[in-house]
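In what follows, a single structure is set out as structure tokens and then discussed.
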Amino acid sequence: MNKQLLFLISLQELDILIKEKEKEEEMGFPIKPCEELKKAREKIIEKIDAHLMRRYERLSERYGNPVVPVVDGICQGCYMLLPTSLISQKAKNERIHTCPNCGRFLYWVDD
Amino acid sequence: MKDVFKPEFVKLELEATTREEVLRELVDLLPVGDDKKELIYQRLLERENLGTTGIGKGIAIPHSRTLALKDVFVIVGRSKKGVDFNALDGKPVHLFFLIVAPPYDPKNRYLITLGKIAEISRELTRKKEWMEIEKKEEFVKFLNGLLREKK
């Protein structure tokens, strides 16, 4: 898998944890304080190319989920069917692809 | 609601002796390819490093959302010997509930399932008969029964 894509996925998963932190703590799971989670976030961000990070932040503000899976050729962010030229490519997770409709970063679960 | 626990996702005799080995052994039961198992394992390890899911009294609930999956999965593992999982009370863990889910599940099954399992875990710390059950089917029946009582 493309390393930049992997970092983007990790960043989004950490962002979700930050959002769900309070709920998890209510269930009895201790999580490090917000400052430490933010430090972990900064460490991932350092590894992401600046132009990808700018796009991630823009998409995050607009949609909340900047990286989405593709299932049966459909972007799971905007539910548009992706073009055949994109779907038919091999080793799709080896490159950064974005949805031509909503612009979200795409990840193929079955690739 | 369908049964949360299924015999095919249960391992009653875990061989693992470390936290990392437990996570790998549990992840190994997931019906996905090796590359995805590695992603899920790494994510669970990162999650553990942000705060242990070893809630004490012999139970741990490692969990995470991950883009590598399309559905919510619950895997159960038991270790009679117990494993050091960096639990809150420092004691070895004997029962593991691994919960993994996609980042966005429309019915929010992940948090609901996590909450229910956290709830029955408190009961499991009092009822220790799960240590003696030898058949997966009976084990699953016992756990699903506890969940139903909580509805």
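Going line by line, the protein sequences match chains A and B. Last residue of the first sequence: number 111 in this note's numbering, and the count goes up by one each step with no gaps. Last residue of the second sequence: number 151 in this note's numbering, and the count goes up by one each step with no gaps. Using N, Cα and C, we set each Cβ at its ideal position, and we do this for glycine too. Here the structure is a predicted model, which is why all the values come from computation and not from measurement.
Tell me the rounded alpha-carbon separation between residue i and residue j.
i: E22 (chain A); j: E13 (chain A); result: 15 Å
i: F9 (chain B); j: L26 (chain B); result: 9 Å
i: L86 (chain A); j: C75 (chain A); result: 12 Å
i: L52 (chain A); j: I31 (chain A); result: 28 Å
i: I44 (chain A); j: R78 (chain B); result: 34 Å
i: S10 (chain A); j: D72 (chain A); result: 23 Å
i: L50 (chain B); j: L37 (chain A); result: 7 Å
i: N144 (chain B); j: L14 (chain B); result: 21 Å
i: P106 (chain B); j: L17 (chain A); result: 17 Å
i: E20 (chain B); j: K91 (chain B); result: 17 Å
i: Y107 (chain A); j: E57 (chain A); result: 17 Å
i: C102 (chain A); j: G77 (chain A); result: 8 Å
i: Q112 (chain A); j: C34 (chain A); result: Residue 112 (chain A) is absent from the model: chain A starts at 1 and stops at 111.
i: R62 (chain A); j: I117 (chain B); result: 34 Å
i: L6 (chain A); j: E129 (chain B); result: 42 Å
i: H97 (chain A); j: A40 (chain A); result: 25 Å
Grab me the residues of residue i's own chain with a C-beta within less than 7 Å of its C-beta, minus the 5 sequence neighbours each way, in chain order.
i: L23 (chain B); result: Y41, L44, L45, P62
i: T155 (chain B); result: Residue coverage of chain B in this structure runs from 1 to 151, which leaves residue 155 (chain B) outside it and unanswerable.
i: R65 (chain B); result: A101, P102, P103, Y110
i: I59 (chain B); result: V93, L95, S121, L124, T125
Whose C-beta lies closer than 6 Å to the C-beta of residue i among residues of the same chain, with five residues either side of it excluded?
i: D89 (chain B); result: G56
i: E119 (chain B); result: K150
i: A87 (chain B); result: G54, G56, V93
i: E137 (chain B); result: P7
i: E68 (chain B); result: For clarity, residue 68 (chain B) is Ala in the given sequence; the question names Glu instead. Taken in chain order, the residues that qualify are K36, L39, I40.
Check the C-beta distance from residue i over to residue j and give it rounded, since I have them as a contact under 8 Å.
i: P69 (chain A); j: R104 (chain A); result: The Cβ separation is near 10 Å, so there is no contact.
i: L81 (chain A); j: C99 (chain A); result: Contact doesn't hold; Cβ gap of about 10 Å is too wide.
i: K70 (chain B); j: V109 (chain A); result: 6 Å
Near residue i, what residues of its chain come up, given a Cβ to Cβ distance below 8 Å and the 5 sequence neighbours on each side ignored?
i: E42 (chain A); result: none
Exercise. What are the complete beta strand (DSSP E) segments, minimum 3 residues, inside the stretch 46 to 103 of chain B?
Worked result: 54 to 56, 63 to 65, 73 to 83, 93 to 101
Exercise. What residues from the stretch 112 to 132 of chain B come within 7 Å of chain A, judged by C-beta to C-beta, listed N to C?
Worked result: L114, G115, A118
Exercise. Using a Cβ cut-off of 8 Å, which residues of the stretch 64 to 78 of chain B contact any Cβ in chain A, in chain order?
Worked result: S64, R65, T66, L67, A68, L69, K70
Exercise. If contact means a Cβ-Cβ distance below 8 Å, which residues of the stretch 40 to 55 of chain B contact chain A?
Worked result: R43, E46, R47, L50, G51, T52, T53, I55
Exercise. Just by C-beta distance, which residues in the stretch 31 to 45 of chain A are closer than 9 Å to chain B?
Worked result: I31, K32, E36, L37, A40
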